[in-house]
Amino acid sequence: PLVLGIETSCDETGVGIVRGRTLLANAIASSMDEHARFGGVVPEVAARAHLEAMTPTIERALADADVELRDLDAIAVTCGPGLAGALMVGVAAAKALAVSLGKPLYAVNHLVGHVGADLLQGPSLRGAVGEAGELELPTIALLVSGGHTSLLLVRDLVSDVEMLGETIDDAAGEAFDKVARLLGLPYPGGPQIDRVAEGGDPNAIRFPRGLSLPKDMEKHRYDFSFSGLKTSVARWVEKRVGAGEEVPVADVAASFREAVADVLLTKALNACKDLGVPRLLLGGGVVANARVRELAQERALAAGVELRVPPLSLCTDNGAMIASLGAQLVAAGYAPSSLDFGADSTLPVQDIQVR
Ligand code: ATP
Ligand code: MG
Ligand code: FE
């Protein structure tokens, strides 16, 4: 089926078009620059930016895919989880399109969309890491971005997704952004820390791995925590500054990056081992991190786990992943959503589609 997907859960206005598993267009506008001076995504600013970017981004996707609205078989839209005001802009746009065109509308889960990204294939994705196409199931999925840090067990993309664990405080990307800020690096902090860390020693400072003590591992085996790590970095830096010493920024960045990558992959591979699932899929903007990628490859290889990493353009928030999930729902014969659904900022992952 030919499906157009709309994504507005955070700061990306994404409109993607797929035909089944084939990617035809993935148009994106981001309001990231507007959030830079605040050091994080400002919900009201993101929502207004979505409103302005929506129509041009839809038009760009249609032009890129060389299709017309009337050719579409269905429309899919992210209805949660995410920022409520941001989600509402996408949902309103999708409903308007669906009603005016008389097309079925599928309201879908953003997190499951990240997994759906992995199905996509097409000429524009040639040379990407991993073999796109058929998604072997079950798989463990580690989704890490500025807004979420989740470990999922995916038994079936359209009918059976389970949350194994998630962050109990900050998201991993958020931790990168906050630590970058306290090191005086600009927003978004992830790429900055990644760059600076290349020149530092990852073993210079032993920063804590959140929720990894034996007592935590009973209740929180698959959960994450990054606020303690952030505080630990802040204290370490303050102490040096207080003593009038120079802060070894590269060592701090490298040691912090190591702590995040280590805890993410330790928990993800624990899940693979515990549940006997020899597959791990990565998603989310933090997958851009060089050390996260490297450690994922090392540890997956050592554990005999097949690693799948979609190309970065499909890891960060985008409309194509939403279209991909929508296309799977259509292909599986699911009925469209009724038009009275709303945006749900805390939509649970097992609600793959909101009817
Ligand atoms: P959502 O949480 O809804 O997926 P988001 O906009 O927060 O939305 P993304 O756009 O997927 O998430 O990713 C942005 C985040 O990824 C930011 O927090 C950014 O700092 C982080 N990031 C980007 N590149 C890197 C990198 N090289 N290393 C670490 N973090 C990175
Ligand atoms: Mg973003
Ligand atoms: Fe996301």
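Going by full-length UniProt numbering, the letters in the sequence shown line up with residues 6 to 360, in that order. Using N, Cα and C, we set each Cβ at its ideal position, and we do this for glycine too.
| query | result |
| --- | --- |
| Between the stretch 182–190 and the stretch 215–224, do at least 3 Cβ pairs fall closer than 8 Å? | no |
| So, Val254 versus Val246, is the Cβ gap smaller than 9 Å? | no |
| Quick one: Cα of Val104 to Cα of Arg26, how far? | 25 Å |
| Between which residues of its own chain and Val20 is the CB-CB distance below 6 Å, once the five residues before and five after are set aside? | Ile11, Ala32, Thr62, Ile63, Ala66, Gly324 |
| If you measure between the beta carbons of Val242 and Val257, is that distance less than 9 Å? | yes |
| Where in the stretch 266–291 do unbroken runs of the beta strand (DSSP E), each at least 3 residues long, occur, reported from the N-terminal end onward? | 284–288 |
| Do Gly10 and the ligand FE come close, with the Cβ less than 8 Å from some heavy atom? | no |
| Compare the beta carbon distance of Gly205 and Ala259 with 9 Å and say whether it is the shorter of the two. | yes |
| Considering only heavy atoms of the ligand SAM, does any lie closer than 8 Å to the CB of Asp16? | Among the ligands present in this structure, namely the ligand ATP, the ligand MG and the ligand FE, the ligand SAM is not found. |
| Is Ile210 helix, strand or coil by DSSP? | coil |
| Counting only runs that start and end within the stretch 20–47, where is the alpha helix (DSSP H) found for 4 or more residues in a row? | 37–40 |
| With burial defined as no fewer than 16 other Cβ atoms inside 10 Å of the residue's Cβ, what is the status of Phe43: buried or exposed? | exposed |
| With DSSP as the reference, label Glu203 as helix, strand or coil. | coil |
| Give every residue of the same chain whose Cβ lies closer than 6 Å to the Cβ of Ala133, excluding the five residues on either side of it in the sequence, and list them in chain order. | Summary for Ala133: the model assigns pLDDT 49, below 50, so the residue's position carries little reliability; its value from the coordinates is reported in the next sentence. Contacts found: Pro316. |
| Taking His153 as the reference, give the member of Gly87, Gly45, Ser318 with the closest Cα. | Gly87 |
| Are the CB atoms of Val8 and Leu77 nearer to each other than 9 Å? | yes |
| Tell me which residues share the same chain as Arg53 and place their Cβ nearer than 6 Å to its Cβ, disregarding the 5 neighbours each side in the sequence. | none |
| Is residue 3 helix, strand or coil when you go by DSSP? | Since the displayed the chain opens at 6 and closes at 360, residue 3 lies outside it and no answer follows. |
| Between which two residues does the alpha helix (DSSP H) holding Arg298 run? | 295–308 |
| Could you check what DSSP says for Phe261 in three-state terms: helix, strand or coil? | helix |
| Give a single yes or no on whether Gly324 has its beta carbon closer than 8 Å to a heavy atom of the ligand FE. | no |
| Quick one: what does DSSP say Val314 is sitting in, helix, strand or coil? | coil |
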